[in-house]
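So the structure is just underneath, and the comments pick up after that.
There are 2 protein chains.
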Amino acid sequence: MKKEIDTQKDKSTEEKIKKAAEKIFLERGFSASRTRDIADEAGINLALLNYYFRSKKNLYNIIMMEKLDVFFNIIIEELKDNAVDLNQKMSELINKYTDLLIKEPRLPLFIMSEIQQNPDFFTKRMNIKMKVREALGNKPIIYSKSQEDDLQLLLSLLGVTIFPFIIRHSIQGLFNMTTDQYNELLYKRREMIPKLMNELYNQLNADK
Amino acid sequence: MKKEIDTQKDKSTEEKIKKAAEKIFLERGFSASRTRDIADEAGINLALLNYYFRSKKNLYNIIMMEKLDVFFNIIIEELKDNAVDLNQKMSELINKYTDLLIKEPRLPLFIMSEIQQNPDFFTKRMNIKMKVREALGNKPIIYSKSQEDDLQLLLSLLGVTIFPFIIRHSIQGLFNMTTDQYNELLYKRREMIPKLMNELYNQLNADK
DNA sequence: GTCTATAGCGAGATAGAC
DNA sequence: GTCTATCTCGCTATAGAC
Numbered sequence: 257m258k259k260e261i262d263t264q265k266d267k268s269t270e271e272k273i274k275k276a277a278e279k280i281f282l283e284r285g286f287s288a289s290r291t292r293d294i295a296d297e298a299g300i301n302l303a304l305l306n307y308y309f310r311s312k313k314n315l316y317n318i319i320m321m322e323k324l325d326v327f328f329n330i331i332i333e334e335l336k337d338n339a340v341d342l343n344q345k346m347s348e349l350i351n352k353y354t355d356l357l358i359k360e361p362r363l364p365l366f367i368m369s370e371i372q373q374n375p376d377f378f379t380k381r382m383n384i385k386m387k388v389r390e391a392l393g394n395k396p397i398i399y400s401k402s403q404e405d406d407l408q409l410l411l412s413l414l415g416v417t418i419f420p421f422i423i424r425h426s427i428q429g430l431f432n433m434t435t436d437q438y439n440e441l442l443y444k445r446r447e448m449i450p451k452l453m454n455e456l457y458n459q460l461n462a463d464k
Numbered sequence: 257m258k259k260e261i262d263t264q265k266d267k268s269t270e271e272k273i274k275k276a277a278e279k280i281f282l283e284r285g286f287s288a289s290r291t292r293d294i295a296d297e298a299g300i301n302l303a304l305l306n307y308y309f310r311s312k313k314n315l316y317n318i319i320m321m322e323k324l325d326v327f328f329n330i331i332i333e334e335l336k337d338n339a340v341d342l343n344q345k346m347s348e349l350i351n352k353y354t355d356l357l358i359k360e361p362r363l364p365l366f367i368m369s370e371i372q373q374n375p376d377f378f379t380k381r382m383n384i385k386m387k388v389r390e391a392l393g394n395k396p397i398i399y400s401k402s403q404e405d406d407l408q409l410l411l412s413l414l415g416v417t418i419f420p421f422i423i424r425h426s427i428q429g430l431f432n433m434t435t436d437q438y439n440e441l442l443y444k445r446r447e448m449i450p451k452l453m454n455e456l457y458n459q460l461n462a463d464k
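Protein chains in written order, with our numbering: chain R, 257 to 464; chain A, 257 to 464.
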């Protein structure tokens, strides 16, 4: 009953199921998703889903792992390479997240919801945590004054960059905006945010 | 089978169920919540839940409406009263959200998830939209240059204020921080953010 | 109003033919 | 590998006694 890995032609069906699961899970979350709907979306039969992935939960975990990687690797890339100019790093991070979230608008809520409901996720099964430590040069992460400022900067940067995607529907609804209008707003933020964050950086250093 | 409104002693049980539902729904969302768990949490029998609230969905809607009100009324208060100083308004908004979200950390994800899955929510059943129009002085909301800047400012402010609460578990997990350490960080942001946002405001006006 | 017992159904998973 | 049919269980909702 276990899946054979090295046959070469079954990849197409497996991939169809994964793509369908990605769509459904991201739209509705785990509990509200129905395996029948995933099968329909994939254009295959429900039994095949269990044939390839054994269970709904297992399929979900696979999708979740991939999405966590996509989402957090952007931050990890940001954290390493201390040589690079701070402004350049921030611009890169903003551009990467903007591009990603225009394509996959539901990603942040999907990931944040999962982690909120399962806060031990990193501790138990993630290699992402290891990657972060690695990116920080294997120094033990101590809550020192300087690192605190770094973290405040990172939180602000992520907030101004990602949150507008999270609250998108509320704002569009409240202010009667079309998706195109809102996207225009989001793209303009790419220029705006680095200047803003640079100011924050100076401000934090001036406080000392 | 309908609930009698004007009896005076039944309020206790009804309130117990509502409080329990609030807890469970906010923790798990609608689909992952079990009415049995809500009943257990309330210390009453499952049948009573349906006696008082008819259905799970109805109970959920009641909780959701209240939470939407709590969450968005802070923004609405911010939008009206144009006479008040901008810095003061921003500080108030930051303090209100920080106080609220320290008490109810799961509120933003709960609301954002619901609206993402049901974007027509405002259009169909909300009086919040009306309140926003009212707060803006009954002017039709047109996507003009000046209002665009206002909106960028609002999005940034909400982002730096609320997002750190949303990403809390990820950051605590990644950086091995305790809840107390993270809360300390959050409180410090109350001072930091108004200065930052003021800079953004100047920046936007200088661009013209 | 509050309880026990249960109806009824929706959904995940599997058996087994092809 | 892929399908149809079905098993089984968990969950919402209700019937009915007290």
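For each residue, glycine too, the CB sits at the ideal point set by N, CA and C.
Query                                                                                                           : Result
Backbone CA spacing between R:Leu413 and A:Ser289 [nearest angstrom]                                            : 34 Å
A:Glu360 in three-state terms, based on DSSP                                                                    : coil
CB of A:Leu342 within 9 Å of CB of R:Glu455, strictly                                                           : no
Where the alpha helix (DSSP H) containing A:Met386 begins and where it ends                                     : 384-391
For R:Leu305 and R:Ile273, believed in contact at Cβ under 8 Å, the rounded distance                            : 6 Å
Interface partners of A:Gln372 on chain R, CB under 7 Å                                                         : Arg362, Leu365, His425
Residue-level contact to chain A via CB, R:Val326, 9 Å cutoff                                                   : no
C-beta contact flag for A:Met320 and R:Leu365 at 9 Å                                                            : no
Any C-beta of chain A under 9 Å from that of R:Gly415                                                           : yes
Unbroken alpha helix (DSSP H) run spanning A:Thr291, endpoints                                                  : 291-298
Residue from A:Ser268, A:Phe378, A:Phe377, A:Gln437 whose Cα sits closest to the Cα of R:Gln403                 : A:Gln437
Own chain, CB closer than 8 Å to R:Thr354, minus 5 neighbours either side, in chain order                       : Thr417, Leu442, Tyr443, Arg445, Arg446
Beta carbon proximity, A:Arg284 to chain R, threshold 9 Å                                                       : yes
Per-residue DSSP class, three states only, for R:Arg424                                                         : helix
Distance, R:Leu407 Cα to A:Pro361 Cα                                                                            : 20 Å
7 Å Cβ shell around A:Lys387 - same chain, five flanking residues per side excluded                             : Ile332
Contact with chain R by A:Pro450, beta-carbon distance below 9 Å                                                : no
Rounded distance between the beta-carbons of R:Met453 and R:Met346, thought under 8 Å                           : 5 Å
Contact with chain R by A:Gln459, beta-carbon distance below 9 Å                                                : yes
Interface residues of chain R facing A:Arg445 [CB-CB closer than 9 Å]                                           : Gln408, Leu411, Ser412
Continuous alpha helix (DSSP H) stretch holding R:Asp325: start and end                                         : 312-335
Among A:Glu440, A:Lys275, A:Phe286, A:Ala276, the one whose alpha carbon lies nearest that of A:Ile371          : A:Phe286
Outcome for A:Gly415 when other beta-carbon atoms lying within 10 angstroms are tallied against a minimum of 16 : buried
Test: R:Leu456 CB closer than 9 Å to a CB of chain A                                                            : yes
Between the CA atoms of A:Glu322 and R:Asn374 - distance to the nearest angstrom                                : 26 Å
Pairwise C-alpha distance: R:Phe419 and A:Ile422                                                                : 9 Å
Nearest candidate by alpha-carbon position, reference R:Arg381, set R:Ile318, R:Ala339, R:Ser426, R:Ile358      : R:Ile318
Selected residue, minimal CA-CA separation from R:Glu390, among R:Ile300, R:Ser311, R:Lys336                    : R:Lys336
Cutoff 9 Å: A:Gly429 Cβ touching any chain R Cβ                                                                 : yes
With 16 other Cβ atoms within 10 Å as the buried cut-off, status of R:Gly299                                    : exposed
Nearest candidate by alpha-carbon position, reference A:Ile384, set A:Glu271, A:Ile449, A:Leu282, A:Asn329      : A:Asn329
Neighbour list for A:Ala288 in chain R, Cβ cutoff strictly below 7 Å                                            : Ser287
Within chain R, partners of A:Glu322 - CB distance below 9 Å                                                    : Simply none; closest approach about 16 Å.
Separation of A:Thr379 from A:Glu270, as counted between CA atoms                                               : 29 Å
Environment of A:Gly393 [buried if 16+ CB atoms lie within 10 Å]                                                : exposed
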